[in-house]
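The structure under discussion appears below in the form of structure tokens.
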Amino acid sequence: MSALLFSGVLFLVSWRSCESLAARALTCGTRAADLDPTAMVGGVPLRCPAHCAQRRLSVFGTTVYAAVSSICGAALHSSAVGHTGGEVLLSRLPGQQHYVGTLANGVQSQALSRWSASFTLQGLQDQRPPELIRDSGTNSRPAKKAAKKMSVKKVGNKDCQMDIGLVIDSSSNLGQRRFNLQKNFVAKLVVMLKVGVDGPHVGLVQASDLPRTEFLLSNYTQPKELHFAIKRLAHLGGNTNTDKAITHTAEMLFTERSGARRGRPRVMLVLIDGWPSDELQPAATAARWAGINVFLATVTQPTADELPTVPDRDFAKKAVCKDNGFFSYQMSSWFGTTKHVKPLAQRLCSPDGLLCSMGFDGRTCYNSVNVGFLIDGSSSVGDANFRTLLDFLAAIASKFDISDTGARVGAVQFTYDQRLEFGLREHDSKDGVLGALKAIPYMSGGTATGRAITFAAQNLFRATAVGRNFLIVVTDGQSYDSVDGPALAAQNQGISMFSVGVAWAPMDDLRVMASEPKDEHVFFSQHFNGLEELVDNVVRVICHDFDVNN
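For the sequence shown, my numbering gives the first residue as 803, with consecutive numbering after it.
Here it is, written out as structure tokens:
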């Protein structure tokens, strides 16, 4: 007998010979949470019956599944078993913060914000765990050693502490054969990167009709697990839509919820077979604004006969931030790609060369700007609309990396009077800023926007580089004083002015207050509930202003 401490509970487990490990039969609906924890210790195989695909099964996650998922449903989804059923080995994992829902093998898994425990599955041909196959029928000590060996966590390459998102081609144009060659290349690349707990972390998205997240940055921090997940990827087919995949990867993969680590360089490697049919530059530029270094690796070049069909021959030069050969990489064919593994891995792990997303001083718009909110608290707004307005501003603030060395946010409320709600240096965390915004009490009164702009310029901001200070004025009506002079003075002070009008706010005043070009810095909504639709565009223009001035 041997004692094991598993998830905080002490179990006494009898180490049996391999011949006694008969597979445990499951029903299609059996969940991992339904199993006794001892069933997950010692390598007991589980058998899924046939025809589970014909039933509606609850599955949450992709590759890593929440414990509330049907085991056999997850086995079908992950290709661990086919429609005729089969045996799987279940590995228990800690809970996750975010489970991704995807469609695979006819099974639609669902997204889940969090769960307390997770699992992965491995299909078994031999019906026994590989580490127990040798020494079958002998004493139990080899199995115990194997279990200890498997528990060792690899630290990884500490000189390459990157968060790396891989975007691979899964289109019909690529085909199954070249898709398999691409998988082999990616598998070799992650081995060369030396993934580990304190090394690089890797997530992966497939580009198809719709981009599909296969696994997050936090799902695999051990090389063997990651290698196995890549080998199990299924070819999707459909159109490539690389631009959508880049946007999806930037927005979904590089978040703290998906495992992105604070302060670690963020890299996206996009594999392109031939040339894209869509325009990559806008999506790649937005990714750089989000602090992500975008690399393009193209495979095969168009022939002379194919050149006329290429929409943009300079797509790679336009998509990367610097046409210096560092951020773009060419391979002549999917055959013989092994020689490219090491040089590409070295580029991805070169922090000194990652100048695109961070600028030469290591800054991005998301972690470098000072954003001031000038909030109309006049009587015409009303308490309910005022709360909606604060939600709008909180949504903008949440887009930035707020810290003592990062982005800063401050707020002023105005009627005829002005009140500094909190300064730029008062809160050094995102939670602190969001909490302060939502706690602002409604003043009520008249509307003197001009004096409020002067007050904000003098009390919120201090002199800094051009493109770092931004003032967003939100108002629902006519100002009783002139806004021309105060707005011009603020702009001459180096403050980029945004005007957001609601309901009865006059367009003439909004345009006078806004920086040039006016059409990009003026926003309007007929109703307060429509403000949320403006969030992404406001942030986009802030990042554009920062980008062109830094």
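For every residue, glycine included, the Cβ atom is placed at its ideal position computed from N, Cα and C. In this text the structure is predicted, and so the values were computed from the model without any measurement.
Cβ-based burial, residue i [other Cβ within 10 Å; buried from 16]
i	result
residue 1008	buried
residue 1069	buried
residue 971	buried
residue 1021	buried
residue 1181	exposed
residue 1132	exposed
residue 1299	buried
residue 863	buried
residue 1226	buried
residue 910	exposed
residue 968	buried
residue 999	exposed
residue 853	exposed
residue 1348	buried
residue 1186	exposed
Expected contact under 8 Å - CB spacing of residue i and residue j to nearest Å
i	j	result
residue 973	residue 1010	6 Å
residue 1192	residue 1239	5 Å
residue 1279	residue 1250	The Cβ separation is near 11 Å, so there is no contact.
residue 1252	residue 1283	4 Å
residue 833	residue 871	6 Å
residue 1209	residue 1271	Contact flag wrong, Cβ pair sits at about 12 Å.
residue 923	residue 1005	Wrong, their Cβ atoms sit about 20 Å apart, outside the cutoff.
residue 1101	residue 1135	7 Å
residue 1301	residue 1275	5 Å
residue 893	residue 921	6 Å
residue 1259	residue 1291	7 Å
residue 991	residue 1003	That belief does not hold up - the Cβ atoms of residue 991 and residue 1003 are roughly 14 Å apart, past 8 Å.
residue 1203	residue 1230	Not quite, the Cβ-Cβ distance comes to about 11 Å (not below 8 Å), so this is no contact.
Residue i to residue j span [Cα, whole Å]
i	j	result
residue 848	residue 1233	44 Å
residue 1058	residue 899	9 Å
residue 1028	residue 993	9 Å
residue 1296	residue 963	36 Å
residue 1211	residue 1190	18 Å
residue 1321	residue 1343	11 Å
residue 902	residue 1049	16 Å
residue 919	residue 866	10 Å
residue 1184	residue 1329	13 Å
residue 1214	residue 1146	49 Å
residue 1103	residue 1076	6 Å
residue 997	residue 1015	19 Å
residue 1122	residue 1244	46 Å
residue 1201	residue 1341	8 Å
residue 936	residue 1237	Bear in mind that the predicted position of residue 936 carries a pLDDT of just 30, short of 50, making it unreliable; the figure below should be weighed with that in mind. Answer to the nearest angstrom: the Cα atoms are 58 Å apart.
residue 1195	residue 1063	25 Å
residue 1198	residue 1247	26 Å
residue 925	residue 891	6 Å
residue 886	residue 858	16 Å
residue 904	residue 873	16 Å
residue 995	residue 1097	15 Å
Three-state secondary structure assigned by DSSP to residue i
i	result
residue 1346	helix
residue 1211	strand
residue 1202	coil
residue 1260	helix
residue 1330	helix
residue 1294	helix
residue 849	strand
residue 1366	In this structure the chain extends from 803 to 1352, so residue 1366 is not present and cannot be described.
residue 1170	helix
residue 986	helix
residue 1305	coil
residue 1054	helix
residue 1066	coil
residue 1032	helix
residue 1285	coil
residue 1321	helix
residue 1299	strand
residue 1315	helix
residue 1048	helix
residue 1019	coil
Residue(s) in a DSSP beta bridge with residue i
i	result
residue 833	872
residue 1231	1205
residue 994	The partner list for residue 994 (beta bridge, DSSP) is empty, contrary to what the question assumes.
residue 880	Answer by DSSP bridge pairing: none, since residue 880 is not bridged.
residue 1407	Shown here, the chain extends from 803 to 1352; a query on residue 1407 therefore has no answer.
residue 828	The partner list for residue 828 (beta bridge, DSSP) is empty, contrary to what the question assumes.
residue 969	1007 and 1072
residue 1339	DSSP, once it has assigned bridges, lists no residue as partnering residue 1339.
residue 1014	1008
residue 1095	1069
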